[in-house]
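For the protein sequence lines, the chains are Z and W, in the order given. Numbering-wise, the numbering used here puts 9 at position 9 of the first sequence, and it's gapless, one number per residue. Numbering-wise, the numbering used here puts 599 at position 178 of the second sequence, and it's gapless, one number per residue.
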Amino acid sequence: MAAAEHILLRHRDIPDFDRLDTYLAHGGFEALKTTVTSKSPPDVIEIVKASGLRGRGGAGFPTGVKWSFLTPDVFPRYVVVNADESEPGTFKDREIMEHNPFQLLEGVALCAFAARASTAYIYCRGEFWDLAAALGAHIAELRGRGFLGRKLFGTDFSLEIFVHLGAGAYICGEETALLESLEGKLGQPRLRPPFPAAKGLYGQPTVVNNVETLANLPPILARGADWYRSIGTKDSPGTKVFSLSGNVARPGNYELPLGTPFRTLIFDHGGGVPGGRKIKAILPAGASAPILVATEEVLDTPMDYESLPKVGSMLGSASIIVIDDSVDIFWVALKTTRFFKHESCGKCTPCREGTYWMLHLLERLHDGTPADAGQVDLLQAVARGIEGKCLCPLGEFSIMPVTSGIERFRADFAAHEASGQ
Amino acid sequence: MSDGEVRLTIDGRPVSVPGGTLIVDAAKRAGIDIPVFCYHPKMAPVGMCRMCLVEIGRPARDRVTGEVPLDSDGKPVLFYNVKLETACTTPVGEGWNVRVASEKALAGRKEVVEFLLTSHPLDCPICDKGGECPLQNLTMGHGPGKSRFVYDDKFHLDKRVPLGDLIVLDRERCIQCARCVRFQEEIAGDAVIGFYERGRQWEIVTFSEPGFDSYFSGNTTDICPVGALTTADFRFGARPWELNTAASICPHCPVGCNLTLNTRREAESGGREIIKRVMPRQNEAVNETWICDKGRFAHHFASSPTRLQRPLVRREGNLVEATWEEALSAAAEGLRSAGPGLRGIAGGRLSNEDLFAFRRTVEAVGGQAVLDTQMGGGDITRRFGLGRLGDLGQLGPGDAILVVATDLHEEAPIWWLRIKLAAERGAALVVANARSTRTDDFARHRVRYDYGQAVETVLGLAGATGMKDRSARADRDQAAGSALSHAGELVVFFGSEGLDYAGSTALAEACAALLVGTGHAGKPQSGLIGVWPSANDQGAWDMGLRPPADGILEYLRQAKAGYIAAADPLGDDPTLRPVIDALDFLVVHELFLTATAELADVVFPAQSFIEREGSLTSGEGRVQRYYPAVPPLGEARPDWWIAASLGARLGGKAAPVSAAAGMDEIASSVPAYAGVTYRALAEVHEQWPLVGGDDLYFGGTAYANRQGLGVKLASDVESGGAAEAPWPATTAPAPGAGLLLVPVLRLYDRGTTVLPSKLLETCRASHQIELNPEDATALHLADGGRVQIEWDGRVETCAAAVSSAVPVGAALVLRSSGLTLRTPARARLRAASGGTRP
């Protein structure tokens, strides 16, 4: 089956797309120039609203609507790019930044224009030091060529973009923890409200958008909202870069229209499960969503923001991890819990203590440490105790593989309880 | 429903509170306790501990029409969030219904407690907080009876981590509520502790050198909701339920912080009851719920075994123990003959009753009595002092504060803290001094002058406000002057840094002129505050005692006999030895056998503030009462009793029967104190936040004030006195050549009431002078080198500390640190052996 047109992964079609001249030769920065010289910031917000673009960081919130929440008449404002890509199994932003950096930077500039911001920060996860250096060089090149800096294209619009490297904490992908870290503080989430649109970076109105979200802007501004809406589904327009991994023949990033069924991604593009094994489960959003039983119904479910909740999970950042029938779901839950326990920032009680407790329960089951009966039920109770009480989504996500694992793959857990293995 | 009031229902109880009130506070006002750990009403909410989870029902609103659907009873249909919400971060809303005691909310909080306890060591039997621990109490009230967590899986951390000399951290007791970190950042302004690592490993660390370097560190142990932070003073000292409590007032500085003294009989002290710890007592108009570390830790002098316990009489050249009768007779005999030649000196740490009786006794034989200080202006502060509604906690946007010639952070830390908070609320702070101090940190305007120019500077500010310009500085300080003149309320603090008696008097007059000129004199929330060296200097002025205009030396030179109470002039200034030796007779009452007492003919043992009653008048003009906490030491008596008994023998009135009766006498003869009675001083009204409840709410273990908020005196101008300010004589800087020695105060000095606290050993002001690098270079002096100082015919040698915070041409001498200097003086400095650069 032929892949759809690449909107975000254009470098796959065009060689040397990470070079500015190549990008310019293919219409790069035309959208920015046209927009800045002929449109007003509210026009841009309306176009993005009309396009139906939804945030690609995981929550799927309509991007244009998010921008319209900026507190009016309060300046300066900031644009912050969430390049902290750290969800297990997610590696889409990395590819965009590595190979299609100018489309991202043009998107950042469009966003800044719409938000009336003259400063933007790209917050990269600490392990992206090489990418951060490369982005810094690209930004310098853009400055030199007049695409960044003061009074762009002869207008009053000025923009500087800075790259900031995090210190290696998953929590800094949460937008308010990211802002704290960017301000030089301990990376921990803030109370919301106020939301960043009201009080964000340094207390000023701030737009925080994901890399992939912003990379969508140049094509939307260049080709219009109607064109964009012609791709994907009614409520989830556009394409999405799906990061496919796990027990598949051809793992990798696949840019496909939203609404493409799992089956198409996993079998047509990913080449199916190797070794003649059967597909057992799907983690549709890395570690941060309930695990799906890979039933025929699930495999036929369109991958979009509205369909996944109907089968009991979420699209999130669309990092699809395929699990075959050789894998013990208990082991998956142990892995994700170890991850969340390690990444819990410690700010709120249920997450700090609950992830620690869950991990110890899982380790006891795994190691066969003698314990009272009913450890799986206790694990489920502890997870439910965390649920709905946390300060930020990390704690809420941390229980999903556990609770869904026990509910949907009880036998895998019961086996450990019975054998003490 | 008044403007801005929001009505809601909490557990069925209708509540009406101002908009913006957090649900947790609204509930508290309605008598409903929502348990909290991280929330503290004096700090921004953070919603970390999740203990305050409640169900919140909000009127549902139709998204399309915007209408609120009604149920069959005509009431709005309420929408409840699926998740429980934190009451500490959610402001109230009109028509909401909050369920605190619902099954869902109770279950949620039970789970939070169980989570907290998974990592807590549960070592309550050996924990200092046991018995007054919010975690303990809330576990009993809200937690599960039994934990499902396997004890072996508990995370263990260090149990003894000294964060500094004063505060010790038990890392595994910490529940990561961040109250301490937030207090240091938001309230104390010393962000010297913080968090390190993350998740279950998240732990408190200090990153200052020396560790936990803050004058307010002890407060973190009060607000810590567990036994994680303890003071080195009280750690493992006693169980809270063994302690007796008494209300007191801090005797260390003129702020007058309200204290609770916790005492217990102690084997180490021979079974005597001693102070085990000093805690803040809430007085929102004075110290809120905070005290500084000096107030908390410098109490050991009162329990010191070296204190005087029996009267001493000189016999055959030696001071020997005598009965009270013998000592009083001998003292009366010795003083009577002096007549007008009797010179009395009293210290400003004495109570109003003591000072009143002291003065009356001296005057009974026709003598004179003075206050042992070099700072003038107490009559000016009586007239132009802070008005009767004065409260630094109420100053905010539109108001202004002027701080001149004082380092408040060192001299009166709680004033510093409250001024900082006022500035952060929006009050314009103007700081004028010859050098930078930590008050500059949050000043809107900093006015720098040369030592000797304080009076001109304030007059310049007054000139800048539109008064007749008497100073060339007016232009320079225009913005600062304008901030003062346009202020709604104006509070002026003046100190005596770089000033002698005449200079500080002139400064007080200049400040009064400023208040008059800007139209703030007599306003009930404005006025002048003296940053006095002692706790009750204002009271001493009010009782009619003044500093000797020409200094103690001249004063005593004319004396036949001396009568000295709570002062050690010889210890402060060894050059007084000849005039003291020349006295025919000397009577002293004291806590310790001071240098002066050693020369006395009769020495009376005085009770310390913890053994007796009395009242002190704070710099803000609030009369406050303290209470006996422990039985008297030996035969020691209160100073007022000693003075009055002596007076009665000298032909004066009979001694009052009690301190309260002493106050009655004051009230009938000192107009400003008319109507002040011990009963009035003991009155309380409800204060916010509510502290001291059984739930140990968010006031930590700070004690509720049930023993009196004191009486705030009105200023004379406010009471109808003339608002004419005397125009100050401008003062010339000290004449002569050489560097100007300027005595300055460090909080932890080497005075008699501080020295016995061994805990403060390492942070005490050292015996040194501080000078600018420029001057040090010119003198070939290195930091830490020895320097010889020559002034007034005296020569001393001490260490030199080089600091750019010292103005060029000046050398700071730390008061009560060994080098005795009471007023600024010109001195010749030179490097002593070992002080020169290699």
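Don't be surprised by glycine CBs; every beta carbon is placed ideally from N, CA and C. No experiment lies behind these values; they were computed from the predicted model shown.
Note the first and the last residue of the continuous beta strand (DSSP E) segment covering residue 1212/W.
If you number the second sequence from 1, residue 1212/W lands on position 791. Looking at the DSSP string, the run of the beta strand (DSSP E) that includes residue 1212/W is 1207–1212.
Could you tell me if residue 947/W is buried or exposed, where buried requires 16 or more neighbouring beta carbons within 10 angstroms of its beta carbon?
For this step, residue 947/W is matched to residue 526 along the second sequence. Per the 10 Å Cβ criterion, buried.
Taking 7 angstroms as the CB-CB limit, is residue 540/W close to chain Z?
Taking the first residue of the second sequence as 1, we reach residue 540/W at position 119. Yes, contact with chain Z.
Going residue by residue through the region 107–168 of chain Z, where are the continuous alpha helix (DSSP H) segments of at least 4 residues, counting only ones entirely within it?
You should have 129–144.
Beta-carbon of residue 1258/W versus every beta-carbon of chain Z: anything under 7 angstroms?
Taking the second sequence and counting its residues from 1, the one referred to as residue 1258/W is at position 837. Low per-residue confidence applies at residue 1258/W: pLDDT is 45, beneath 50, and the placement is therefore not dependable enough to give any value.
DSSP beta-bridge partners for residue 700/W?
Walking along the second sequence from the start, residue 700/W turns up at place 279. BP columns for residue 700/W point to 681/W.
State the Cα-Cα distance for the pair residue 221/Z and residue 165/Z, rounded to the nearest angstrom.
Translated into the one-based positions of the first sequence, residue 221/Z becomes position 221. Translated into the one-based positions of the first sequence, residue 165/Z becomes position 165. For residue 221/Z and residue 165/Z, the distance between alpha carbons rounds to 29 angstroms.
According to a CB-to-CB cut-off of less than 8 angstroms, which residues of the region 459–474 of chain W neighbour chain Z?
Hits within the stretch, in order: 466, 467, 468, 469, 470, 471, 472 and 474.
Which class does residue 996/W belong to by DSSP, given the choice of helix, strand or coil?
In the second sequence, counting from the first residue as 1, residue 996/W sits at position 575. DSSP places residue 996/W in helix when its eight states are reduced to three.
Where does residue 462/W land, buried or exposed, given buried means 16+ other C-beta within 10 angstroms?
As a first step, residue 462/W is located in the second sequence; it is residue number 41 there, counting from the start. So residue 462/W ends up on the buried side.
Counting pairs of Cβ atoms below 8 angstroms between the region 401–421 of chain Z and the region 288–295 of chain Z, do you hit three or more?
Yes, they touch.
Nearest to residue 1227/W by CA position, among 1218/W, 1196/W and 673/W, is which residue?
Within the second sequence, the letter at position 806 stands for residue 1227/W. It is 1196/W.
Do you know how far the Cα of residue 681/W is from the Cα of residue 1131/W?
Your numbering for residue 1131/W matches position 710 in the second sequence. Your numbering for residue 681/W matches position 260 in the second sequence. Going from the Cα of residue 1131/W to the Cα of residue 681/W covers about 15 angstroms.
Considering only the alpha carbon of each residue, which of 495/W, 982/W and 465/W lies closest to residue 752/W?
Within the second sequence, the letter at position 331 stands for residue 752/W. Nearest C-alpha to residue 752/W: 982/W.
Could you give the distance in angstroms between the alpha-carbon of residue 24/Z and the alpha-carbon of residue 480/W?
For the purposes of this step, residue 24/Z is taken as residue 24 along the first sequence, with counting starting at 1. For the purposes of this step, residue 480/W is taken as residue 59 along the second sequence, with counting starting at 1. Near 54 angstroms, if we compare the C-alpha coordinates of residue 480/W and residue 24/Z.
Take residue 613/W as the anchor and find which of 935/W, 584/W, 597/W and 901/W has the nearest alpha-carbon.
In the second sequence, counting from the first residue as 1, residue 613/W sits at position 192. Out of 935/W, 584/W, 597/W and 901/W, 584/W has the C-alpha closest to the C-alpha of residue 613/W.
Residues in its own chain within less than 7 angstroms of residue 890/W by CB, not counting five upstream and five downstream?
Here residue 890/W corresponds to residue number 469 of the second sequence, with the count starting at 1. Only weak support is given to the placement of residue 890/W: the predicted model assigns it a pLDDT of 49, under 50, and the question is left unresolved by the model.
Given this structure, state the Cα-to-Cα distance separating residue 502/W from residue 105/Z, to the nearest angstrom.
Taking the first residue of the second sequence as position 1, residue 502/W is located at position 81. Taking the first residue of the first sequence as position 1, residue 105/Z is located at position 105. Going by the C-alpha atoms only, they are around 39 angstroms apart.
Would residue 1221/W and residue 1229/W qualify as a contact pair, given that the criterion is a beta-carbon distance under 7 angstroms?
Residue numbering aside, residue 1221/W sits at position 800 when the second sequence is read from its first letter. Residue numbering aside, residue 1229/W sits at position 808 when the second sequence is read from its first letter. The answer is no: Cβ separation not under 7 angstroms.
Taking DSSP as the reference, what is the three-state secondary structure of residue 41/Z?
Position 41 of the first sequence holds residue 41/Z. Three-state DSSP puts residue 41/Z in a helix.
Of all the CB atoms in chain Z, is at least one closer than 7 angstroms to the CB of residue 440/W?
As a working mapping, residue 440/W is identified with position 19 in the second sequence. By this cut-off, residue 440/W is not an interface position.
Measuring straight from C-alpha to C-alpha, what distance separates residue 236/Z and residue 566/W?
Counting from 1 along the first sequence, the entry for residue 236/Z is found at position 236. Counting from 1 along the second sequence, the entry for residue 566/W is found at position 145. When rounded, the distance between both Cα atoms is 49 angstroms.
Can the beta-carbon of residue 951/W be found less than 7 angstroms from the beta-carbon of residue 798/W?
Taking the second sequence and counting its residues from 1, one reaches residue 951/W at position 530. Taking the second sequence and counting its residues from 1, one reaches residue 798/W at position 377. Cβ distance < 7 angstroms, so residue 951/W and residue 798/W count as in contact.
Return the Cβ separation of residue 159/Z and residue 197/Z in integer angstroms, given the expectation that the two are a contact with Cβ distance under 8 angstroms.
The residue given as residue 159/Z occupies position 159 in the first sequence. The residue given as residue 197/Z occupies position 197 in the first sequence. At roughly 19 angstroms, the Cβ-Cβ gap does not stay under 8 angstroms, so residue 159/Z and residue 197/Z are not in contact.
Check the Cβ of residue 403/Z against every Cβ in chain W and list those closer than 8 angstroms, keeping chain order.
One-based indexing of the first sequence puts residue 403/Z at position 403. What residue 403/Z touches in chain W: nothing, since even the nearest Cβ is about 15 angstroms away.
Measuring CA to CA, which of 715/W, 453/W and 482/W is closest to residue 1185/W?
Walking along the second sequence from the start, residue 1185/W turns up at place 764. Out of 715/W, 453/W and 482/W, 715/W has the C-alpha closest to the C-alpha of residue 1185/W.
Going by beta carbon distance, what residues of the same chain come within less than 6 angstroms of residue 416/Z, once the five residues before and after it are set aside?
Start at 1 with the first residue of the first sequence, and residue 416/Z comes out as number 416. Excluding residues within five positions, the ones whose Cβ falls inside 6 angstroms are 330 and 365.
How would you call residue 939/W, buried or exposed, if buried means at least 16 neighbouring beta carbons within 10 angstroms?
Mapped onto the second sequence, residue 939/W falls at position 518. Under this definition residue 939/W is a buried residue.
Give a yes or no on whether 7 angstroms exceeds the smallest Cβ distance from residue 662/W to chain Z.
If you number the second sequence from 1, residue 662/W lands on position 241. Cβ-Cβ to chain Z under 7 angstroms: no for residue 662/W.
With DSSP as the reference, identify every bridge partner of residue 1025/W, one or two as the case may be.
Here the question's residue 1025/W lines up with position 604 in the second sequence. According to DSSP, which records beta bridges pairwise, residue 1025/W is partnered with 1010/W.
Under 8 angstroms between beta-carbons, which chain W residues line up against residue 383/Z? List them in chain order, please.
Your numbering for residue 383/Z matches position 383 in the first sequence. In chain order: nothing, as chain W lies at least about 11 angstroms away.
Scan the region 616–635 of chain W for residues whose Cβ lies nearer than 7 angstroms to a Cβ of chain Z and list them as they occur along the chain.
Hits within the stretch, in order: 616, 619, 620, 621 and 623.
For residue 505/W, which residues in the same chain have their Cβ closer than 8 angstroms to its Cβ, ignoring the five residues on either side in sequence?
One-based indexing of the second sequence puts residue 505/W at position 84. Excluding positions up to five away in sequence, the list reads 474, 475, 476, 525, 526 and 529.
Below 7 angstroms on C-beta distance, what does residue 597/W contact in chain Z?
Residue 597/W sits at position 176 when you count from the first residue of the second sequence. In chain order: 346 and 352.
Among 925/W, 456/W and 602/W, whose alpha-carbon lies nearest the alpha-carbon of residue 645/W?
Reading the second sequence from its first residue, position 224 is the one you call residue 645/W. That would be 602/W, whose Cα lies nearest to the Cα of residue 645/W.
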